[in-house]
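Enquirer:
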Amino acid sequence: MVTKLTDNPDIQDILTREKALQDSGAYVYMKEIEGTTNRTVMSGGSEMIMLGSYSYLGLIDHPEIMKASEDALRKYGAGAGGVRLLTGTTTIHKELEDKLAKFKKTEDAIVFSSGFMTNIAVLSSLFDQRDLIVIDRFAHQSIYDGAGLSKAKWMKFRHNDLDHLRAILKLHRPNYKRVVIVVDAVYSMDGDIAPMPEIIEIAKEYDAFTMVDEAHSIGVLGEKGTGIEEYFGLDPDAIDLKMGTFSKSIPSIGGYLAAKKDVITYLRFTGHPFVFSAALPPASVGAAMKALDVILAEPERVKMLHKNIDYFLNGVKALGFDVLKSKDTAIIPVMIGDNIQTFGFAKAMHDAGIFVSPIVYPAVPHDGGRLRCCVMATHTKEDLDKVIGAMGHIGKAMGIIK
Ligand code: PMP
-18 MVTKLTDNPD
-8 IQDILTREKA
2 LQDSGAYVYM
12 KEIEGTTNRT
22 VMSGGSEMIM
32 LGSYSYLGLI
42 DHPEIMKASE
52 DALRKYGAGA
62 GGVRLLTGTT
72 TIHKELEDKL
82 AKFKKTEDAI
92 VFSSGFMTNI
102 AVLSSLFDQR
112 DLIVIDRFAH
122 QSIYDGAGLS
132 KAKWMKFRHN
142 DLDHLRAILK
152 LHRPNYKRVV
162 IVVDAVYSMD
172 GDIAPMPEII
182 EIAKEYDAFT
192 MVDEAHSIGV
202 LGEKGTGIEE
212 YFGLDPDAID
222 LKMGTFSKSI
232 PSIGGYLAAK
242 KDVITYLRFT
252 GHPFVFSAAL
262 PPASVGAAMK
272 ALDVILAEPE
282 RVKMLHKNID
292 YFLNGVKALG
302 FDVLKSKDTA
312 IIPVMIGDNI
322 QTFGFAKAMH
332 DAGIFVSPIV
342 YPAVPHDGGR
352 LRCCVMATHT
362 KEDLDKVIGA
372 MGHIGKAMGI
382 IK
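Mind the numbering: the sequence shown is residues -18 to 383 in the working numbering, read in order.
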């Protein structure tokens, strides 16, 4: 008998679930988009309200950002032609890093080809077998993968549970040389915020470092949208390692770490995704760079985003939906329950012209199925009213709300 690559129970389980979902007619994953991805998209030949995009400030089709991307493409070509260290660093790669360092008020910054790769590079290069990485249970997968690739020991603490974090540090701190606490600023499935001031205090108490993933907080937290320090009024040096991406509010691709100069210099010579992988294409660098300018020049977008977040949050709460502890962030989880109901709800929303993502196990706990609603600055009141109306209607028909 010939062995097949898929002869593995875990693979078979995924394939069976995928088929069952396809057969149920409730499949909304990998749905093709035929037009732009701002507040509405064209899909299946009709216009839908986009409620699943990470482009929180609606910058994805901003004319100045698209022009900067085009200009960079024309000036430097379609690709970077090599790795950063040797042949892939253009003038704009350096300018982008300088701009990021200013934006995050740090000494220096380094960019990588994605946010995912940034977490891999930082954690796997900076920490070794003498060190301990302590991670919030709900932090992004790339943080776990980075910690796994490092030689350090890593542990999880219960989500936003400061007592548990303290207990872990109390027990284990003495056994390690360096300890780093890693959290997401805004959690991508729950839409809540890390209690950063308290985490920083705990880190000081136990002589630990802090690292924050700002994928979902840049452009969202703080009046100017510069992130978690601005939101909590923290000193710019309060967090040691500040990581973020160009795939959400900043409409491009790539990721960065902003930190002290020595740390960044070290990563330029040792971060495997930096040294052994090609540089970001110039068009992506041009877009990211201009987006940083636009975020600062157009603070009304951040204001509008928060107006929309509050309006939407109040609307779905008034209907009786559970939205966990989501507040002040553009991610609003509308809790549904089991996988089948969640898919059914999402499909009904799609049929009503609303593009929204169902999130189920294993991304979230069993029975923690939800619609992850992403609010944008560019949504109109009519868009949000239509979404809230549809949710009320479908929620009642499915018996999820009264
Ligand atoms: N961190 C978080 C919290 C994320 O949500 C994501 C992407 N969803 C990443 C990192 C990875 O970023 P990128 O898409 O730029 O690779």
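Every residue, glycine too, gets a C-beta built ideally from N, C-alpha and C. Computed from a predicted structure; not experimentally measured.
Taking a contact to mean a Cβ-Cβ separation below 9 Å, would you say Ile180 touches Phe302 in this structure?
Expert: Result no, Cβ atoms of Ile180 and Phe302 do not sit closer than 9 Å.
Enquirer: When you compare only the Cα positions, how much space is there between Asp216 and Glu210?
Expert: 7 Å
Enquirer: Would you tell me roughly how many angstroms separate the C-alpha atoms of Tyr212 and Leu202, rounded to the nearest one?
Expert: 5 Å
Enquirer: Taking C-alpha atoms, which residue in Val161, Met170, Asp79, Gly96 lies nearest to Phe119?
Expert: With respect to the C-alpha of Phe119, the residue from Val161, Met170, Asp79, Gly96 having the closest C-alpha is Met170.
Enquirer: Residue ranges of each alpha helix (DSSP H) run of no fewer than 4 residues wholly in the segment 122 to 199, ordered along the chain?
Expert: 122 to 130, 143 to 153, 177 to 186
Enquirer: By alpha-carbon positions, which one of Ile114, Thr21, Ile14 ends up nearest to Thr361?
Expert: The shortest Cα separation from Thr361 among Ile114, Thr21, Ile14 belongs to Thr21.
Enquirer: Just confirm the distance between the C-beta atoms of Val92 and Gly236, as a whole number of angstroms; I'd bet it's less than 8 Å.
Expert: At roughly 7 Å, the Cβ-Cβ gap stays under 8 Å, so Val92 and Gly236 are in contact.
Enquirer: Is Val356 near Gly350, with beta carbons less than 9 Å apart?
Expert: Note that the C-beta distance between Val356 and Gly350 is not below 9 Å.
Enquirer: Could you tell me which of Asp(-12), Lys328, Ser265, Ala327 sits nearest to Glu51, measuring between CA atoms?
Expert: Ser265
Enquirer: Taking the alpha carbon of Tyr37 as the point to measure from, which residue in Cys354, Val368, Leu143, Ile375 has its own alpha carbon closest?
Expert: Cys354
Enquirer: Go ahead and pull the three-state DSSP assignment for Val(-17).
Expert: Val(-17) falls in the coil class under three-state DSSP.
Enquirer: Could you compute how far the alpha carbon of Ala189 sits from the alpha carbon of Met136?
Expert: 14 Å
Enquirer: Compute the Euclidean distance between the alpha carbons of Lys271 and His43, then round it to the nearest angstrom.
Expert: 10 Å
Enquirer: Can you find at least 3 beta carbon pairs, one from the segment 290 to 304 and one from the segment 75 to 86, that sit closer than 8 Å?
Expert: no
Enquirer: Between Glu76 and Ala90, how many whole angstroms is the CB-CB distance? I'm expecting something under 8 Å.
Expert: Their Cβ separation, rounded to whole angstroms, is 11 Å, which puts Glu76 and Ala90 out of contact at 8 Å.
Enquirer: Using the C-alpha atoms, what's the distance from Thr(-16) back to Met224?
Expert: 43 Å
Enquirer: Can you tell me whether Tyr237 is helix, strand or coil according to DSSP?
Expert: strand
Enquirer: Start and end of the alpha helix (DSSP H) containing Asp79?
Expert: Asp79 -> alpha helix (DSSP H) spans 72 to 84.
Enquirer: Judging by CA-CA distance, which residue of Arg159, Ala327, Gly58, Lys284 is the nearest neighbour of Gly206?
Expert: Lys284
Enquirer: On the three-state DSSP scale, how would you describe Val341?
Expert: Coil.
Enquirer: Consider the Cβ of Val167: report whether some Cβ of chain D lies at a distance smaller than 9 Å.
Expert: Included in the structure is just one protein chain, with no chain D present.
Enquirer: Quick check: the Cα distance between Thr99 and Lys306, rounded to an integer number of angstroms?
Expert: 28 Å
Enquirer: Tell me whether Tyr212 counts as near ligand 1, meaning its Cβ is closer than 8 Å to at least one heavy atom of that ligand.
Expert: no
Enquirer: Would you report the Cα separation of Gly325 and Ala196, rounded to the nearest angstrom?
Expert: Near 29 Å, if we compare the C-alpha coordinates of Ala196 and Gly325.
Enquirer: Using the DSSP secondary-structure output, state which residues sit across from Ile30 in a beta bridge.
Expert: Thr21, Ile335
Enquirer: Run the CB neighbour count on Leu286, radius 10 Å, all protein chains shown included, and call it buried at 16 or more, exposed below.
Expert: buried
Enquirer: Tell me the DSSP secondary structure of Arg282 in three-state form.
Expert: Helix, per DSSP.
Enquirer: Return the residue from the list Ile30, Phe250, Val297 that minimises the CA-CA distance to Thr18.
Expert: Ile30
Enquirer: Between the C-alpha atoms of Leu146 and Gly334, what's the straight-line distance to the nearest angstrom?
Expert: 43 Å
Enquirer: Return the Cβ separation of Asp221 and Lys158 in integer angstroms, given the expectation that the two are a contact with Cβ distance under 8 Å.
Expert: Incorrect: roughly 15 Å between the Cβ atoms, too far for contact.
Enquirer: For the alpha helix (DSSP H) containing Pro314, list its first residue and its last residue.
Expert: Element bounds for Pro314: not the alpha helix (DSSP H) but the beta strand (DSSP E), 312 to 318.
Enquirer: Threshold first: 4 residues or longer. Then list the alpha helix (DSSP H) segments lying entirely within the segment 202 to 259, N to C.
Expert: 209 to 213, 242 to 251, 253 to 256
Enquirer: Determine the burial state of Asp165: buried for a count of at least 16 other Cβ atoms within 10 Å of its Cβ, exposed for fewer.
Expert: buried
Enquirer: Flag this pair as yes or no: are the beta carbons of Ala259 and Ala61 separated by less than 9 Å?
Expert: Going by C-beta atoms, Ala259 is nearer than 9 Å to Ala61.
Enquirer: Output the distance between the C-alpha atoms of Ala184 and Ile162, rounded to the nearest integer angstrom.
Expert: Spanning the two alpha carbons is a distance of roughly 7 Å.
Enquirer: Answer yes or no: the CB of Asp142 versus the heavy atoms of ligand 1, is any distance below 8 Å?
Expert: no
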